[in-house]
Amino acid sequence: MDGVSNVVHEMTDEMVNLRKSIDPAARAEYVREQVLEVEGFSKPYLRKAYVLIMKDPIEKEIFIGGDSEIRKDIVESLRAKIENV
1 MDGVSNVVHE MTDEMVNLRK SIDPAARAEY VREQVLEVEG FSKPYLRKAY VLIMKDPIEK
61 EIFIGGDSEI RKDIVESLRA KIENV
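All residue numbers for the sequence shown refer to the UniProt record's numbering, where the first residue is 1 and numbers rise by one.
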């Protein structure tokens, strides 16, 4: 029974991940969560970075597909556009 339960949980997780990739609201929430997890920046700075990332579809896709170093580089590259934070 545990094997079946594990398979069901894995399938549920995969369905949630699929939803995040195709549902615009879920995708935006996922990007926000990932931006707010970038270390080394204040929450207000990361919130502004999130808005800028969401405005640029190509940068958003690179951010989503990137590892933690790429994500941090993208957030850092927005410093000139984010004032007084």
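Yeah, the Cβ is synthetic: ideal placement off N, Cα and C, and Gly gets one too.
Bear in mind that the values here come from a model prediction, so they are computed numbers and not experimental data.
Using only CA atoms, which one of the options lies nearest to residue i?
i: Arg-27; options: Lys-60, Arg-47, Glu-76 and Ser-77; result: Lys-60
i: Glu-69; options: Leu-18, Glu-83 and Glu-39; result: Glu-39
Going by DSSP in three states, residue i sits in which element: helix, strand or coil?
i: Asp-73; result: helix
i: Val-16; result: helix
i: Gly-3; result: helix
i: Leu-78; result: coil
i: Val-38; result: coil
i: Gly-66; result: coil
Is the Cβ-Cβ distance between residue i and residue j less than 8 Å?
i: Val-75; j: Leu-46; result: yes
i: Gln-34; j: Arg-71; result: yes
Near residue i, which residues of its chain fall below 8 Å by C-beta distance, leaving aside the five closest residues on each side in sequence?
i: Val-31; result: Tyr-50, Ile-53, Met-54, Lys-60, Phe-63 and Ile-64
Contact defined as beta carbons within less than 8 Å: I believe residue i pairs with residue j. What is the distance between those atoms, to the nearest angstrom?
i: Lys-48; j: Ile-82; result: 5 Å
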